[in-house]
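Following: one structure in structure tokens, then a few remarks.
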Amino acid sequence: MSDLAWFLVAAVVKSIIAIVALLTAFAYMTLIERRVIARFQRRVGPNRAGPFGVFQPLADAIKMAFKEHILPAKASSFVFLMAPAISVFVALTAFAVVPLGGPTPWGTSAIARAWAPYIADLNVGILYILSISSLAVYGIVLAGWSSGNHYSLLGALRSAAQMVSYEVSIGLALAGVLMFAGTLSMVGIVEAQVHQGIWFILAQPLGFFLYAIAAIAEVNRAPFDLPEAEQELVAGYLTEFSGLRWSLFQMAEYINMITASSVLATLFFGGWTLGALNGVLGAPFIWYFIKVAFFLFVFIWLRATLPRIRYDQLMRFGWQVLLPLSVVNALVTAAVVAFGLSWWVSGLFGLAVLVIAVGVYYLRARRRTAGQMELARLDFGTPNATVSVGVALPSSVRLVSLPAANGAVDSAAEKGEPVVVG
Amino acid sequence: MLFQQIAFYVLAAVAIGSALGVIFFRNAVYCMLSLILNLLSLAFFFLTLEALFVATIQVLIYAGAVMVLFLFVVTMLAPSSNDDVTGRDRLRWQWGAGIGMGVILAVALCYAAFTGRLAADVKASGAASLAKQVASAGNTQAFGLALFHGYSFPFEVTGVLLVIAVLGAVALGRRSGAKE
Chain A
0 MSDLAWFLVA
10 AVVKSIIAIV
20 ALLTAFAYMT
30 LIERRVIARF
40 QRRVGPNRAG
50 PFGVFQPLAD
60 AIKMAFKEHI
70 LPAKASSFVF
80 LMAPAISVFV
90 ALTAFAVVPL
100 GGPTPWGTSA
110 IARAWAPYIA
120 DLNVGILYIL
130 SISSLAVYGI
140 VLAGWSSGNH
150 YSLLGALRSA
160 AQMVSYEVSI
170 GLALAGVLMF
180 AGTLSMVGIV
190 EAQVHQGIWF
200 ILAQPLGFFL
210 YAIAAIAEVN
220 RAPFDLPEAE
230 QELVAGYLTE
240 FSGLRWSLFQ
250 MAEYINMITA
260 SSVLATLFFG
270 GWTLGALNGV
280 LGAPFIWYFI
290 KVAFFLFVFI
300 WLRATLPRIR
310 YDQLMRFGWQ
320 VLLPLSVVNA
330 LVTAAVVAFG
340 LSWWVSGLFG
350 LAVLVIAVGV
360 YYLRARRRTA
370 GQMELARLDF
380 GTPNATVSVG
390 VALPSSVRLV
400 SLPAANGAVD
410 SAAEKGEPVV
420 VG
Chain B
0 MLFQQIAFYV
10 LAAVAIGSAL
20 GVIFFRNAVY
30 CMLSLILNLL
40 SLAFFFLTLE
50 ALFVATIQVL
60 IYAGAVMVLF
70 LFVVTMLAPS
80 SNDDVTGRDR
90 LRWQWGAGIG
100 MGVILAVALC
110 YAAFTGRLAA
120 DVKASGAASL
130 AKQVASAGNT
140 QAFGLALFHG
150 YSFPFEVTGV
160 LLVIAVLGAV
170 ALGRRSGAKE
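Structure (structure tokens):
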């Protein structure tokens with residue numbers, strides 16, 4: 000066979016392997032997530048189906064498959080049926096450029112290269128992932144719109160606004176890494192890290208945290224899972240979906256998580272490499288697996304720890320915190336690369352910005368706590384209730400405007416700003 | 000070569016079909032979906048020309064960002080899926096204008112394609128050709144070099160144009176907000 004034919008055969012086989020692996024990973028991620036979150040909440044979690052509940056995903060799949068498929072009367076049926084398929088298709092496609100190993104683990108001949116452990120090494124690798132995952136929003140918006148239901152539509156629109164807002168920060172946060180690597184190819188980025196002898200987390204700590212946060216928002220995970228905020232929107236865009244179609248959306252979410260974790264591992268933690276052990280056959284898979292598993296655990300950890308943030312907080316955070324920091328990070332990194340400075344310059348800068356950001360957050364949180372205690376102390380029965388100087392009252396209009404003797408407090412609270420008295 | 004020809008005709012059919020869908024669907028959301036399909040098929044055209052970077056950017060910017068905002072507005076304004084556009088067509092003159100422009104474009108394209116006038120200018124050969132540059136420097140690099148070295152002035156003028164557009168949008172938005 001010709002090289003081209005070999006290449007095509009290899010690509011098809013590798014795609015099938017990747018899809019099967021991703022679907023299996025999805026199935027077991029659901030189990031692991033339930034078990035881990037149960038541990039966080041001092042429960043046991045699903046442990047009935049097989050030892051440690053290992054057959055639970057299978058049981059869930061059978062249950063889902065035999066559930067009734069409901070097509071709402073007001074639904075736009077073609078789009079309603081297409082939406083879950085779009086979500087899963089996009090999620091699976093994005094994974095194609097993630098490298099699970101170097102280009103030549105089996106040798107350097109053309110046929111061996113065709114079987115390299117990634118489906119494609121595109122010249123535009125990371126842009127490919129960004130562009131495919133930017134299509135993910137269609138699955139959600141179309142699902143919400145086609146359900147013919149206001150809760151679904153609102154959930155979908157929230158999700159669209161959220162994903163579009165955070166995509167900007169994602170692109171800018173990754174720009175720093177791309178400048179250091181000098182290439183967009185995922186394989187090339189890993190090679191650049193091996194070549195420069197560092198993981199790019201060291202040069203780009205700020206970029207790493209910005210991308211990690213924006214990626215969580217992009218895959219609609221807690222604490223950014225507003226589209227599914229059940230106390231406001233029932234189940235958001237998922238409201239009208241049942242059975243397998245519902246689980247297709249879950250599948251897309253988990254596969255997107257795996258892809259985001261892979262990007263984090265590849266761009267910031269050297270992907271499949273780990274020092275001198277790179278050459279050992281099979282070792283790259285294990286390093287890659289460990290790194291991705293770590294980030295997946297962090298995703299679950301965050302979900303178990305953080306409460307969901309409000310919609311206005313989400314938007315303000317995305318546009319007023321993440322985006323400016325990403326721009327600053329990109330500018331400083333560009334200067335460092337252009338003037339040929341060492342990597343630790345941008346690394347130290349990123350750490351300094353992170354320390355300042357955490358400090359500011361801590362101080363504000365302390366002022367808010369003081370404000371809460373102040374509210375508890377205040378006696379709202381008296382007309383001359385006074386507020387101490389230097390505390391931030393909660394921005395909730397209901398809480399502040401109840402009695403407040405102070406006109407300034409009311410007007411500021413209506414604008415939704417934290418109130419500082421004094 | 001055969002593979003490329005098949006791909007071209009399939010893509011051409013999809014592109015034209017989806018473009019017609021943009022015009023003829025009565026439901027605004029279906030029009031949007033046709034437009035997205037059209038933009039994606041254009042991206043595949045770029046792919047068949049081996050312009051990987053342009054294809055990716057086409058998906059990222061047009062299909063992924065611009066169309067999402069369009070879809071956002073359309074689904075918000077026409078929330079019911081059964082809300083077809085009905086009533087009298089108040090923009091009938093657009094039919095004539097559209098047909099006229101279409102005929103002009105078709106004639107110009109036919110002239111360029113069948114006389115070969117345009118092709119002589121577009122087809123550069125040897126080291127100057129884009130294909131050579133892409134092969135030697137890589138897709139993204141060739142694009143970047145062209146953008147920032149060959150065409151930096153048009154690029155910056157476009158940037159200024161976009162800033163003006165944004166300022167105009169802000170100005171319009173503020174004025175309507177002040178009226179309330």
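Line order of the protein sequences matches chains A and B.
At position 385 of the first sequence (counting the first as 1) the number is 384 in numbering that gives the first Met the number 0, and the numbers step up by one without a gap.
At position 104 of the second sequence (counting the first as 1) the number is 103 in numbering that gives the first Met the number 0, and the numbers step up by one without a gap.
Think of the CB as a built atom: it goes at the ideal place given N, C-alpha and C, for glycine as much as any other residue.
From a predicted model like this one, the values you see are computed outputs, not experimental measurements.
If you count every other CB in all the chains shown that lies within 10 Å of the CB of B:A141, and 16 or more means buried, which is it?
buried
The stretch 235-243 of chain A in contact with the stretch 63-71 of chain A per 3-pair CB rule at 8 Å:
yes
Interfacial residues, the stretch 136-151 of chain B to chain A, with Cβ spacing under 7 Å:
G137, N138, T139
Would you check if the stretch 197-212 of chain A and the stretch 152-162 of chain A touch, i.e. whether three or more CB-CB distances between them fall below 8 Å?
no
Separation of B:V13 from A:I85, as counted between CA atoms:
18 Å
Using the beta-carbon count (16 or more within 10 Å), is B:W92 buried or exposed?
exposed
CB of A:F316 within 7 Å of CB of A:F267, strictly
no
Tell me whether A:F248 is buried or exposed, calling it buried when 16 or more other Cβ atoms sit within 10 Å of its Cβ.
buried
Since A:L171 and A:V326 are thought to touch, with beta carbons under 8 Å apart, how far apart are those beta carbons, to the nearest angstrom?
6 Å
A:L70: contacting residues in chain B (beta-carbon distance under 8 Å)
Within 8 Å Cβ-Cβ: nothing; A:L70 doesn't reach chain B, min ~12 Å.
Show which residues of chain B have a CB atom less than 7 Å away from the CB atom of A:Y127.
T55
Below 6 Å CB to CB, which residues in the same chain sit around A:Y165 once its five sequence neighbours on both sides are set aside?
A213, A216, E217, G317
Could you please tell me which residues of the stretch 139-163 of chain A, in chain order, have their CB closer than 9 Å to any CB of chain B?
V140, L141, G143, W144, S145, S146, G147, H149, L152, A155, L156, A159, A160, M162, V163
Mind checking A:A290: buried by the 16 CB within 10 Å criterion, or exposed?
Strictly speaking, residue 290 of chain A in this sequence is Lys, with Ala absent from that position. Classification for A:K290: buried.
Just to confirm my understanding: we take A:M63, look at its own chain, exclude 5 residues before and 5 after, and list those with CB closer than 8 Å. What are they?
G242, L243, W245, S246
So with CB distances below 8 Å, who are the chain B contacts of A:N122?
L51, F52, G137, N138, T139
For A:P56, which residues of its own chain have a beta-carbon under 8 Å away from its beta-carbon, when the five flanking residues on both sides are left out?
A26, Y27, T29, L30
If you draw a straight line from the C-alpha of B:P153 to the C-alpha of B:V67, how long is it?
27 Å
Buried versus exposed call for A:S73 [16 or more other C-beta atoms within 10 Å across all chains shown]
What sits at residue 73 of chain A in the sequence shown is Lys, not Ser. A:K73 is exposed by the Cβ-count criterion.
Counting only Cβ-Cβ distances shorter than 8 Å, please list the residues of the stretch 96-109 of chain B near chain A, keeping chain order.
none
Under a Cβ-count criterion, where at least 16 other Cβ atoms within 10 Å of its own Cβ denotes burial, should B:A168 be classed as buried or exposed?
exposed
I need the boundaries of the alpha helix (DSSP H) containing B:F23, first residue and last residue.
1-23
Kindly examine the ligand MN and report whether one of its heavy atoms sits closer than 6 Å to the Cβ of A:R33.
With respect to the ligand MN, the structure shown offers nothing to examine, as it has no ligands at all.
Test: A:L134 CB closer than 7 Å to a CB of chain B
yes
So A:L183 contacts chain B; which residues on that side make the cut at Cβ distance below 7 Å?
T139
A:G421 to A:R363 span [Cα, whole Å]
Because A:G421 sits at a pLDDT of 40, beneath the cut-off of 50, its placement in the model cannot be relied upon, and the point is left open.
Measure the alpha-carbon distance for B:I56 versus A:T258 and round it to whole angstroms.
20 Å
Which runs of the alpha helix (DSSP H) fall wholly inside the stretch 158-213 of chain A and span at least 4 residues, in chain order?
185-195, 199-202
Report yes or no: is there a C-beta of chain B within less than 7 Å of the C-beta of A:S1?
no
Going by Cα to Cα distance, which pick from A:F348, A:E373, A:Y253, A:V96 is closest to A:T23?
A:Y253
Could you compute how far the alpha carbon of B:S17 sits from the alpha carbon of A:L134?
18 Å
Residue-chain proximity (A:S130, chain B), Cβ-Cβ < 7 Å:
yes
With 7 Å set as the bound, which would you pick, yes or no: does the beta-carbon of B:V58 sit closer than that to a beta-carbon of chain A?
yes
Own chain partners of B:A145 with C-beta closer than 7 Å, once the 5 adjacent residues on each side are dropped:
none
Taking the C-alpha atoms as reference points, what is the distance between A:N148 and A:Q203?
44 Å
B:W94, buried or exposed, once every other Cβ within 10 Å from all chains shown has been counted against 16
exposed
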